[in-house]
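Notes to accompany the following structure.
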Amino acid sequence: MKYIFVTGGVISSLGKGLTAAALGTLLEHRGLKVTLAKFDPYLNVDPGTMSPFQHGEVYVTDDGAETDLDLGHYERFTHATLTRLNNLTSGRVYANIIEKERRGDYLGKTVQVIPHVTNEIKDRIRAISKNSDADVLIIEIGGTTGDIEGLPFLEAIREFAHEAGPRNALFIHVTLVPYIRVAGEIKTKPTQQSVAKLREIGIQPQLLICRSEKPLGADVRQKIAMFCNVPVECVIEELDVAHSIYEVPIDLQKEHLDDLVCRHLALKTEPANMADWKRMLRRLIHPRRQCRIAVVGKYIQLQDSYKSLYESLKHAGGANDAAVKIIRVDAEDIEKHGAAKMLRRMNGILVPGGFGRRGIEGKIAAARYAREKKLPYFGICLGMQIAVIEFARNVCKLKNANSTEFDAQTPHPVIALLDEQRGVTEKGGTMRLGAMPCKLVVGTHAHRLYGTTLISERHRHRYEFNNAYRDQLTAAGLRIAGLYAEKDLVEVIEIPDHPYFVACQFHPEFKSRPNEAHPLFRGFIAAALRTTR
Ligand code: GLN
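The numbers in the numbering used here rise by one with no breaks, and the one at position 385 of the sequence shown is 386.
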């Protein structure tokens with residue numbers, strides 16, 4: 002296996018994760034098998050307990066790990082299936098070490114950052130390799146070079162690369178080359194300093210990916226090459242993309258990133274044929290139609306909170322030859338101004354996942370509006386629970402029906418905890434998590450869209466459809482379209498007499514790819530487009 006380490010310099014939010022993912026795309030298109038991992042220096046054991054306002058979306062893998070949203074990019078840009086091994090935090094590293102120390106595994110030794118923390122990190126790299134048959138492992142180090150908490154990770158990858166040998170490991174540094182408007186100049190000094198910081202700890206990056214809003218120019222490239230100690234062709238420009246993040250692989254290919262990587266790592270392959278990717282891009286960038294989708298949520302200010310969801314909507318747009326204009330609607334605004342006012346000009350309504358009672362009544366009003374006005378509705382996780390509550394209250398006339406998450410005293414707990422969740426007090430990693438099989442009912446919307454009866458989708462929730470109300474709700478016209486057979490849990494509901502009212506307890510957004518839009522998103526956008534005619 003070959004190892005590529007991607008570090009970041011100057012500032013965060015440079016799109017390091019996207020860059021690593023895009024490199025994965027290029028290498029896959031050269032016929033290589035890739036896998037990717039993210040190492041994050043923060044002290045949470047995993048991002049599962051962090052608010053989406055803090056850290057953006059929590060991405061869930063098949064094996065039920067709650068991970069950094071960059072893993073979502075990795076899976077969307079490549080065909081890698083990632084596991085809980087592919088995301089490591091300082092919190093996890095220390096938790097492991099302290100557990101071993103308490104067990105007495107260190108046999109009386111003093112436990113230290115070097116070598117114990119660094120060894121733990123290196124062991125993880127080896128574990129990922131052992132668990133994967135990929136040719137190349139790309140590891141992104143979170144944070145910015147110079148951060149105190151990042152040092153053990155940098156030392157660990159330095160040691161690892163040294164042990165792996167020069168043709169087996171490669172360092173790529175993603176850095177910012179800012180354009181100073183008042184001076185009309187591009188500045189290389191922050192990049193020089195960031196690379197100097199890496200060299201101080203013994204890492205000489207072989208490739209520099211320079212994020213910039215202006216083209217670099219030969220003189221700037223020369224200067225960076227000279228002062229960062231790399232050949233000039235190893236200074237790679239990465240401009241802000243014009244239309245879509247899926248342009249990044251194409252832009253980096255033009256700069257010969259994949260050629261350089263393969264040369265450094267002595268990987269002999271054909272050049273990447275990106276024809277399929279370019280076709281997909283054309284569809285995304287030049288759509289013939291348009292629709293407006295309201296995403297009714299709580300975490301709407303922050304672009305990253307519903308990352309996979311927004312991407313899935315774009316993929317579904319591409320598959321329908323349409324631009325999806327996403328209108329983020331704060332559920333509390335619906336409570337204040339009413340659903341009719343906030344949702345009037347929409348072609349479809351999506352209620353995504355969420356936690357806590359704030360905004361709940363606004364979401365219920367949105368579901369009711371969609372049901373009554375026959376506007377396409379797509380509910381995901383909390384969005385399904387909302388649809389069930391709405392149906393119970395307004396169709397079955399179960400007054401004050403609710404989820405026990407929001408009203409412990411509700412007379413009609415149509416959404417409730419299973420017994421196995423009742424005793425749970427720890428928050429970290431204790432929800433129903435990861436991929437589970439679901440059986441679809443023949444003849445339903447969902448079955449038609451998936452084209453199969455057995456699917457597997459990922460979960461992240463505690464509360465469930467309460468089977469005590471199943472007969473009452475279905476008698477009133479709610480259709481159960483999918484079940485987790487082993488535990489007889491409702492996974493998909495629909496309203497048959499409606500253009501598109503589909504909601505699922507799982508998170509389909511984690512499995513959509515730009516070239517393979519998810520069936521439920523595809524069907525939702527197709528239905529939304531029908532309302533534009
Ligand atoms: N809060 C709900 C639950 O825990 C929904 C979770 C979600 O939407 N991811 O069941």
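We put the beta carbon where it would ideally sit given N, CA and C, even for glycine. In this text, all values refer to a predicted model and were calculated from it rather than measured experimentally.
Option nearest residue i by Cα separation, candidates the options
| i | options | result |
| --- | --- | --- |
| I365 | E58, Q386, P377 and A323 | Q386 |
| L285 | R423, N516 and K342 | N516 |
| E406 | T426, F392, L419 and R358 | R358 |
| F161 | T119, R200, P191 and P509 | T119 |
| M437 | E427, E58, D64 and G9 | D64 |
| A504 | G384, S245 and V178 | G384 |
| I361 | D408, K398 and H316 | D408 |
| T533 | K398, Q291, G478 and L344 | Q291 |
| L399 | Q473, T426 and G444 | Q473 |
| G349 | G355, A320 and G380 | G380 |
| G354 | S404, K123 and C382 | C382 |
| A21 | L521, I246, V178 and L351 | I246 |
| E548 | C439, S404 and K512 | As displayed, the chain neither begins before 2 nor continues past 534, which places residue 548 out of reach and without an answer. |
| I335 | I251, V352 and I390 | V352 |
The ligand GLN heavy atom lying under 8 Å from the CB of residue i
| i | result |
| --- | --- |
| I5 | no |
| I381 | yes |
| E271 | no |
| G298 | no |
| Q302 | no |
| Q386 | yes |
| Y370 | no |
| Y485 | no |
| E465 | yes |
| F356 | yes |
| H56 | no |
| P353 | yes |
| M432 | yes |
| H508 | yes |
| E406 | yes |
| R461 | yes |
Outcome for residue i when other beta-carbon atoms lying within 10 angstroms are tallied against a minimum of 16
| i | result |
| --- | --- |
| M347 | buried |
| P412 | exposed |
| H174 | buried |
| N274 | exposed |
| V114 | exposed |
| Y470 | buried |
| G298 | buried |
| L441 | buried |
| T145 | buried |
| Q55 | exposed |
| H74 | buried |
| E535 | In the structure displayed, the chain extends from 2 to 534; residue 535 sits before or after that span and is not available. |
| M227 | exposed |
| D259 | buried |
| T453 | exposed |
| H338 | exposed |
| I301 | buried |
| A486 | exposed |
| H519 | buried |
| Q304 | exposed |
| Y180 | exposed |
| H244 | exposed |
Cβ distance (whole Å) where residue i is taken to contact residue j below 8 Å
| i | j | result |
| --- | --- | --- |
| R93 | D47 | 7 Å |
| N132 | T90 | Going by Cβ atoms, the distance from N132 to T90 rounds to 18 Å, so no, they are not a contact pair. |
| V493 | A447 | 5 Å |
| E510 | L310 | 4 Å |
| V249 | A23 | 4 Å |
| T62 | T79 | Their Cβ separation, rounded to whole angstroms, is 14 Å, which puts T62 and T79 out of contact at 8 Å. |
| E214 | L240 | 7 Å |
| I202 | E156 | 6 Å |
| S1 | G57 | Residue 1 is absent from the structure shown; the chain starts at 2 and stops at 534. |
| V221 | T176 | Incorrect: roughly 13 Å between the Cβ atoms, too far for contact. |
| K39 | G143 | 6 Å |
| L479 | C439 | Incorrect: roughly 17 Å between the Cβ atoms, too far for contact. |
Residue i Cβ short of 8 Å to the ligand MG heavy atom set
| i | result |
| --- | --- |
| E201 | Looking for the ligand MG in the displayed structure turns up nothing; the ligands present are the ligand GLN. |
I'd like to know if the stretch 31-39 and the stretch 133-142 are in contact, where contact means that at least 3 CB-CB pairs between them fall below 8 Å.
As far as the Cβ criterion goes, the stretch 31-39 touches the stretch 133-142, which means the pair count is three or higher.
Are at least three pairs of beta-carbons, each pair with one atom in the stretch 180-189 and one in the stretch 148-164, less than 8 Å apart?
The stretch 148-164 and the stretch 180-189 do not touch, with fewer than three beta-carbon pairs separated by less than 8 Å.
Okay, do the stretch 362-378 and the stretch 493-507 touch, 3+ Cβ pairs below 8 Å being the bar?
Yes, they touch.
Is the number of C-beta pairs between the stretch 419-430 and the stretch 521-533 that are closer than 8 Å three or more?
The answer is no - the stretch 521-533 does not touch the stretch 419-430, with fewer than three Cβ pairs under 8 Å.
I want to know whether the stretch 432-443 touches the stretch 452-462 - three or more CB-CB distances under 8 Å.
Output reads yes: the stretch 452-462 touches the stretch 432-443.
Measuring CB atoms only, is the stretch 205-222 touching the stretch 233-245, in the sense that at least three cross pairs come out at less than 8 Å?
The stretch 205-222 makes contact with the stretch 233-245, as at least three CB pairs between them are under 8 Å.
Inter-stretch contact at 8 Å, needing at least 3 Cβ pairs: the stretch 319-331 / the stretch 287-298:
Contact between the stretch 319-331 and the stretch 287-298 is present, because at least three Cβ pairs lie under 8 Å.
Count Cβ pairs between the stretch 256-272 and the stretch 19-30 that sit closer than 8 Å; are there 3 or more?
Yes, since at least three Cβ pairs between the stretch 256-272 and the stretch 19-30 fall closer than 8 Å, the two stretches touch.
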